[in-house]
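Working notes, structure below.
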RNA sequence: CGGGGCGUGGCGCAGCCUGGUAGCGCAUCUGCUUUGGGAGCAGAGGGUCGCGUGUUCGAAUCACGCCGCCCCGACCA
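Numbering (our numbering), first residue to last: 64 to 605.
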């Protein structure tokens with residue numbers, strides 16, 4: 064584990080040096096050899112690379128998702144898509160390009176996204192003065208925007224598709240890429256182009272739309288916890304953190320191993336703003352023409368960044384079995400000798416028999432790794448990639464009808480790698496249970512970290528400041544594990560809220576959300592001293 | 001866009017101050033020996049030193065301009 068200790072107050076005061084110094088020392092050779100003092104962001108980038116998940120692309124701020132990383136995304140897609148369909152939604156595909164005028168219709172939406180959009184202005188290139196450049200005579204009459212999100216173009220379709228209350232609710236989802244011209248980017252966590260799903264729905268009234276908003280928030284919460292083994296806190300964003308054009312924005316927030324919060328998914332109730340901007344109307348059973356209430360909700364490839372920062376350790380990535388592209392990898396111990404053939408045959412049969420088993424409702428995903436490299440190196444490659452179970456088979460196993468395996472969630476016993484020997488048939492029968500156990504173990508570790516690192520005893524700004532430390536721009540200070548603080552507030556808005564957020568910002572803090580589960584009575588507001596009406600989470604964040 | 005730093009084989013770096021035909025570790029390839037917990041030895045391949053201009057007999061090294069990347073701000077899933 065990286066930065067956490069399981070209980071007591073140690074995690075609030077103890078800096079991470081012990082964890083940082085040993086971080087990556089064994090497994091991630093590049094860092095070890097560079098002589099640089101590892102820190103969490105550096106650890107993260109190293110894991111992304113060493114686990115073969117993704118790499119930076121020649122295009123600024125964009126990444127290449129490699130097969131192992133994309134395999135994780137495919138699992139996420141498959142499982143989440145099932146849940147989205149189970150809740151009554153259908154998939155569509157809308158265009159990448161959006162006419163500029165569509166975006167311009169909703170004022171807040173414009174304001175929120177104007178600064179980060181990629182714009183297409185020409186439709187042809189031309190060689191001028193020996194340079195290939197946009198042809199001045201091929202200028203588009205109306206610029207096209209590369210979608211940063213699709214509310215406007217889907218809303219436009221809704222305005223044609225919806226006529227009657229019988230057309231409602233309209234429940235649409237799409238899997239797509241979107242582009243936001245972010246200033247600072249990091250692999251998976253924030254890239255200029257990213258993959259996501261975006262749900263867009265229209266409803267007859269506010270109640271139905273709010274029901275949808277919260278239903279999908281719950282889908283995200285359960286998906287994150289059950290499938291990604293990443294515990295989250297679901298809650299409502301403060302007024303200033305709302306999606307541009309939304310009436311209410313909800314999020315799930317996960318705690319990373321450096322104590323920072325990661326917004327892992329959002330669900331928005333958009334009121335009738337987009338319906339009014341785009342004329343999405345229906346006739347009710349009384350014959351009245353009314354505006355629809357719409358919602359939108361999404362999760363992205365950022366989830367993969369969350370998985371890495373939730374479960375990774377000093378040996379690299381640890382993948383929850385539910386999303387591991389290969390749940391069990393068999394490494395044959397080949398030595399360039401005649402008995403290799405027996406080992407391979409044994410391995411093929413083992414793989415085939417394991418594939419007959421099911422876990423998480425699907426056949427086991429098993430790989431016999433026959434690549435022609437040293438067995439020891441092969442094993443560590445799979446450790447770094449986070450394959451949940453790594454089996455080694457050699458002549459001794461073949462002779463004894465046994466397998467030797469390692470659990471990635473409990474790789475080491477002290478400094479030694481821990482392996483278990485089991486009869487072949489028994490292992491096959493046990494494999495589904497083992498995978499479920501690993502999934503549960505990863506969740507439990509992360510859940511313990513989350514639950515034991517939310518402080519509830521901070522009641523004044525002075526204490527908040529003392530806890531998180533003054534903002535000096537000092538890197539080491541920022542890297543220290545702090546966790547989150549849960550406080551009561553009086554939910555001020557407008558200028559007062561802005562001032563509060565500015566004060567928090569000076570401490571590199573932000574309001575993450577107001578958790579859905581609230582107590583029955585409240586302490587006084589930490590900011591205003593007025594009676595509290597709600598509890599909120601405050602943290603450093605990604 | 002402001003402030004700071006950095007661009008040298010795939011990766012991580014040295015060399016620059018004090019100009020003289022480019023070096024180290026890891027990785028890669030070949031061979032031999034090894035192999036049940038990240039192998040050893042020997043050899044080999046691979047570099048427009050970010051780009052351009054200038055100074056100079058000679059530029060990775062000095063000067064000027066440009067480009068790109070990283071960190072800190074502003075922005076954000």
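Ideal Cβ placement from N, Cα and C applies to all residues, glycine included.
Any idea what DSSP makes of residue i, helix, strand or coil?
i	result
residue 332	strand
residue 563	helix
residue 251	coil
residue 441	helix
residue 506	helix
residue 598	strand
residue 588	coil
residue 122	coil
residue 511	helix
residue 135	helix
residue 273	helix
residue 107	helix
residue 175	helix
residue 240	strand
residue 200	helix
residue 156	coil
residue 418	coil
residue 484	strand
residue 469	strand
residue 372	helix
residue 548	strand
residue 395	strand
residue 340	helix
Can you check whether the CB of residue j is closer than 7 Å to the CB of residue i?
i	j	result
residue 146	residue 282	yes
residue 367	residue 251	yes
residue 263	residue 272	no
residue 603	residue 571	yes
residue 166	residue 209	no
residue 148	residue 294	no
residue 313	residue 304	no
residue 258	residue 152	no
residue 393	residue 454	yes
residue 219	residue 341	yes
Going by alpha carbons, who is nearest to residue i out of the options?
i	options	result
residue 306	169, 407, 415	169
residue 315	106, 579, 195	579
residue 688	134, 126, 120	Examination of residue 688 is not possible in this model, given that the chain is present from 64 through 605 alone.
residue 467	494, 260, 444	494
residue 285	399, 506, 106, 112	506
residue 106	353, 320, 364, 191	320
residue 564	600, 220, 161, 174	600
residue 492	584, 116, 419	419
residue 352	556, 179, 227, 425	227
residue 547	591, 336, 598, 501	598
residue 469	463, 459, 480	480
residue 406	291, 445, 463, 381	463
Which word fits residue i, buried or exposed, when buried means at least 16 other C-beta atoms lie within 10 angstroms of its C-beta?
i	result
residue 182	exposed
residue 276	buried
residue 383	buried
residue 432	buried
residue 186	exposed
residue 488	exposed
residue 109	buried
residue 443	buried
residue 583	exposed
residue 196	exposed
residue 451	buried
Looking only at DSSP bridge pairs, what is residue i linked to?
i	result
residue 208	161, 182
residue 263	235, 359
residue 403	Answer is none; residue 403 lacks a bridge partner.
residue 189	196
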